[in-house]
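Participant: Here the sequence shown is numbered in my numbering, starting from 1 and rising by one per residue.
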Amino acid sequence: MQIPFSPLGYLSFFSLLIKKIYGQRGASFLFTLITL
Numbered sequence: 001m002q003i004p005f006s007p008l009g010y011l012s013f014f015s016l017l018i019k020k021i022y023g024q025r026g027a028s029f030l031f032t033l034i035t036l
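Now the structure itself:
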């Protein structure tokens, strides 16, 4: 699996990974932390 080397590609892949591990609440919480 090839991940595009771009901030958007990384962000979508990262959020997908977090959603898998932490669930929806954890993903939104971490996303707020990152975008702050």
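Ideal Cβ positions, reconstructed from N, Cα and C, are used throughout, including at glycine.
Because the structure is a prediction, the values reported are computed rather than measured.
1. Determine the DSSP secondary structure at S15, reduced to helix, strand or coil.
2. Is S28 helix, strand or coil by DSSP?
3. Measure how close the beta-carbons of I18 and A27 come, nearest whole angstrom, since I'm counting them as under 8 Å.
4. Would you check if the distance between the CB atom of F29 and the CB atom of S15 is smaller than 9 Å?
Facilitator: Here's the rundown:
1. When secondary structure is reduced to three states using DSSP, S15 falls in the helix class.
2. Note: S28 maps to helix in three-state DSSP.
3. Their Cβ separation, rounded to whole angstroms, is 5 Å, which keeps I18 and A27 in contact under 8 Å.
4. The answer is no: Cβ separation not under 9 Å.
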